[in-house]
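**Student:** Number 1445 in the working numbering belongs to position 299 of the sequence shown; there are no gaps in the numbering.
Beta carbons: idealized from backbone N, C-alpha and C, even for Gly.
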Amino acid sequence: MYFEASLKERALKFLRLVSGSYAGLPNDITIEVSTACGQDCPMCFRAPLGIRAETMPYPLFSSLLDGLKSAFGAKEPRYLNFVGLGEPLLNEALGDMLKLAKKTFPRTALNVSTSLAVPDHALFSALSAENLVNRVSVSIDNPEGGGSLHPFSQGISENLAFLKEMKKKGGFGIRLQTLITSREAAEKVIGLARNTGADEVQLMRIDLHAFEGAPPVRRPPLAEERAIVAHAERLAAKYGIRCRNNNSYDIFMDLASFFDRRCLITDDSIFIDVQGNVLPCFYLRGFSFGNLSTQTLAEIGETRRASSFYRKQASLCKGCDIYKRKYAGGAA
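(1) Mapping DSSP to helix, strand and coil, what is Y1469?
(2) What does a CB cutoff of less than 7 Å around N1305 pick up in its chain, not counting 5 residues either side in sequence?
(3) To the nearest angstrom, how far is the alpha carbon of F1357 from that of K1315?
(4) CB R1321 to CB Q1300, shorter than 7 Å?
(5) Counting C-beta neighbours from all protein chains within 10 Å, is the total for P1188 16 or more, i.e. buried, or is it exposed?
(6) Using DSSP with H/G/I as helix, E/B as strand and the rest coil, what is E1346?
(7) Within a Cβ cutoff of 6 Å, which residues of the same chain sit near A1239, ignoring the five residues on either side of it in sequence?
(8) Let me know if G1184 comes out buried or exposed under the rule of 16 or more other beta-carbons within 10 Å of its beta-carbon.
(9) Just how far apart, CA to CA, sit S1403 and G1465?
(10) Using a Cβ-Cβ cutoff of less than 6 Å, which residues in the same chain neighbour C1554 once the five nearest sequence positions on both sides are dropped?
(11) For H1296, count neighbouring C-beta atoms within 10 Å of its own C-beta (all shown protein chains included) and say buried if the count is 16 or more, exposed if not.
(12) Determine whether the Cβ of Q1421 lies closer than 7 Å to any Cβ atom of chain C.
(13) So V1229 packs on T1181, CB below 8 Å; how close in whole Å?
(14) In the DSSP assignment, what are the bridge partners of A1255?
(15) Leaving aside the five residues before and after L1235 along the sequence, list all residues of the same chain whose C-beta is less than 6 Å from its C-beta, in chain order.
(16) Near R1340, which residues of its chain fall below 8 Å by C-beta distance, leaving aside the five closest residues on each side in sequence?
(17) Give me, in chain order, the residues of the same chain whose beta-carbon lies closer than 6 Å to that of Y1168; leave out the 5 immediate sequence neighbours on both sides.
(18) Do the segment 1420-1427 and the segment 1149-1162 make contact, defined as three or more Cβ pairs closer than 8 Å?
(19) For a test of the three-state rule: what should DSSP assign to R1407, helix, strand or coil?
(20) Starting from the C-beta of L1338, find all residues in its chain whose C-beta is less than 6 Å away, skip the five residues before and the five after it, and write them out in chain order.
(21) Please return the same chain residues whose Cβ sits closer than 6 Å to the Cβ of Y1473, not counting the five positions on each side in sequence.
(22) Identify whether T1201 lies in helix, strand or coil by the three-state DSSP scheme.
(23) What residue range does the alpha helix (DSSP H) around G1241 cover?
(24) Report the residue ranges of all alpha helix (DSSP H) runs contained in full by the segment 1362-1421; include only those spanning at least 4 residues, in chain order.
(25) If I measure Cβ to Cβ from I1416 and keep anything under 6 Å in the same chain, skipping five residues before and after, which residues do I get?
(26) In angstroms, rounded to a whole number, what distance separates the CA positions of K1310 and A1344?
(27) Please state whether the Cβ-Cβ distance between G1206 and G1241 is less than 7 Å.
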């Protein structure tokens, strides 16, 4: 979103956020190809949001890409992310979807997020042989297993080892993404990243605002969280691994967010849910700008501009701190 942007792109993003405007075409597009998941993570938003398990049919995905291609013409988005409130690997058409996306947008970075709980070695082999994706992100919170967040198992460990071998043959990167719980947990994930040949570790804040005062897990106090991130950044750098966190960028993004009053993804990102609805993000399920299978991206963009979404963020997103510097709802 911001880490890999050029100086010009950062300046344009700053100006859009400050002025409350949008990119003419979204740079960062997420498509939720599955809301099904075999895991039962207590902090997952599926239950409080009432998300039912389903997978996106291939014909719908194809029509969405047609809509995007029609809007972009000779241009391309920077990122096309296959992630959402579900496991993408549970969509049996994922491999074909990736091939179609690569054919439609050959210069776009395709990113897939997974827990690796679903073994699909044939797909991993294709990722390598056909150079389909830019990055595979794997959610891991405790490489030793147990705990109350993303589970880890021998099967996941074996799948990660297979992915490591495929990475050697192909051109994709591996990112381990982990929730911030403790210094020790961060150290273990960075150690696993070294052994896996991962290029990057992303430290993600545990966001609890969906649970309305009854969170299933707790998170460290803010000062401790920032100390964990700082320690992890130093340790990862020692091993040549990038370590990133969405809650601290620089003074320019602090200003652009009006010091946590605006979300940093508003200006150039869209989230397309499993039914083709275009949303501001994965959480705001009731705030649709339209459906890309029945409307053009230009029509959806007009609805977004007319929605006064920037002005409504204070109330719609007040408890969310996924991209904020400070906690929005306290430590628990």
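**Tutor:** This is what the structure gives:
(1) Stepping through the sequence shown from its first residue, residue 1469 is reached at position 323. It is coil, neither helix nor strand.
(2) As a first step, residue 1305 must be located in the sequence shown, where it is residue number 159. Here the set comprises L1262 and P1265.
(3) Counting from one through the sequence shown, the residue named residue 1357 turns up at place 211. Counting from one through the sequence shown, the residue named residue 1315 turns up at place 169. Taking the straight line joining both Cα atoms gives about 43 Å.
(4) Locating residue 1321 in the sequence shown gives position 175, counting from the first residue. Locating residue 1300 in the sequence shown gives position 154, counting from the first residue. Going by C-beta atoms, R1321 is not nearer than 7 Å to Q1300.
(5) Here the question's residue 1188 lines up with position 42 in the sequence shown. Exposed.
(6) In the sequence shown, residue 1346 corresponds to position 200, counting from 1. DSSP places E1346 in strand when its eight states are reduced to three.
(7) The residue labelled residue 1239 in the question sits at position 93 within the sequence shown. Excluding positions up to five away in sequence, the list reads Y1204.
(8) Here residue 1184 refers to the residue found at position 38 of the sequence shown. G1184 should be labelled exposed.
(9) Within the sequence shown, residue 1403 is the residue found at index 257, counting from 1. Within the sequence shown, residue 1465 is the residue found at index 319, counting from 1. G1465 has its alpha-carbon roughly 15 Å from the corresponding atom of S1403.
(10) Outside the displayed range of the chain (1147 to 1478) lies residue 1554, so it cannot be described from this structure.
(11) Taking the first residue of the sequence shown as 1, we reach residue 1296 at position 150. Buried: at least 16 other Cβ atoms inside 10 Å.
(12) The question asks about chain C, but that chain is absent: this structure has only one protein chain.
(13) One-based indexing of the sequence shown puts residue 1229 at position 83. One-based indexing of the sequence shown puts residue 1181 at position 35. About 11 Å; that fails the 8 Å criterion.
(14) Stepping through the sequence shown from its first residue, residue 1255 is reached at position 109. A1255 pairs with Y1225.
(15) On the sequence shown, position 89 is the one that residue 1235 refers to. Closer than 6 Å at the Cβ level, and outside the excluded window around L1235, lie T1260, V1264 and D1266.
(16) Here residue 1340 refers to the residue found at position 194 when the sequence shown is read from its first residue. Within the same chain, Y1385 and I1387 come within 8 Å of R1340 by CB-CB distance, once the 5 residues on both sides are set aside.
(17) For the purposes of this step, residue 1168 is identified with residue 22 of the sequence shown, where counting begins at 1. Hits under 6 Å: D1413.
(18) Contact between the segment 1420-1427 and the segment 1149-1162 is not established, with fewer than three Cβ pairs separated by less than 8 Å.
(19) Counting from one through the sequence shown, the residue named residue 1407 turns up at place 261. Three-state DSSP puts R1407 in coil, outside helix and strand.
(20) Your numbering for residue 1338 matches position 192 in the sequence shown. Spatial neighbours of L1338 in its own chain (CB-CB distance under 6 Å, excluding positions within 5 residues in sequence) are listed in chain order as P1289.
(21) Walking along the sequence shown from the start, residue 1473 turns up at place 327. Counting only Cβ-Cβ distances below 6 Å, and skipping sequence neighbours, we find L1368 and D1467.
(22) The residue labelled residue 1201 in the question sits at position 55 within the sequence shown. Of the three classes helix, strand and coil, the one that applies to T1201 here is strand, per DSSP.
(23) Looking up residue 1241 in the sequence shown gives position 95. Run containing G1241: L1240 to T1250, per the alpha helix (DSSP H) assignment.
(24) Here the runs fully enclosed are 1368-1384 and 1397-1402.
(25) Counting from 1 along the sequence shown, the entry for residue 1416 is found at position 270. Leaving aside the five residues that flank I1416 on each side, the residues in its chain whose CB is nearer than 6 Å to its CB run, in chain order, P1172, I1175 and V1424.
(26) In the sequence shown, counting from the first residue as 1, residue 1310 sits at position 164. In the sequence shown, counting from the first residue as 1, residue 1344 sits at position 198. Using only the alpha carbons, I get a separation of about 8 Å.
(27) Taking the first residue of the sequence shown as position 1, residue 1206 is located at position 60. Taking the first residue of the sequence shown as position 1, residue 1241 is located at position 95. Position check: residue 1206 holds Leu in this sequence, whereas Gly was assumed. No, the pair does not count as a contact, with Cβ atoms beyond the cut-off.
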